[in-house]
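Below is one structure, written out as structure tokens; the observations come after it.
Residue numbers (the working numbering): 10 to 79.
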């Protein structure tokens, strides 16, 4: 299962454009220093759908640019 966090979506884009300070506070908390996008999620999904993940079971793959590390 893929758990996206800090992924740029339309409602987030609208909110961060109207409040750049909040946007910067969030970015300061993401070690990757950027919002994630659909390409980031697709990479995780492709991995989980591939044979490379055959022995991965019962794991929640968090895609967050390191947000939860801080």
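Glycine included, each C-beta is placed from N, C-alpha and C at the ideal position.
**Study point:** Outcome for residue 46 when other beta-carbon atoms lying within 10 angstroms are tallied against a minimum of 16
**Key:** exposed
Check your understanding: Around the C-beta of residue 37, are 16 or more other C-beta atoms found within 10 angstroms, so that it is buried, or is it exposed?
Key -> exposed
Exercise for review: Measure the Cβ-Cβ separation of residue 72 and residue 57 and say whether it is below 8 Å.
Suggested key: no
Check your understanding: Going by alpha carbons, who is nearest to residue 12 out of 79, 19, 69?
Key -> 69
**Study point:** Nearest-angstrom beta carbon gap, residue 44 and residue 17 [assumed within contact, 8 Å]
**Key:** Confirmed, Cβ separation roughly 4 Å.
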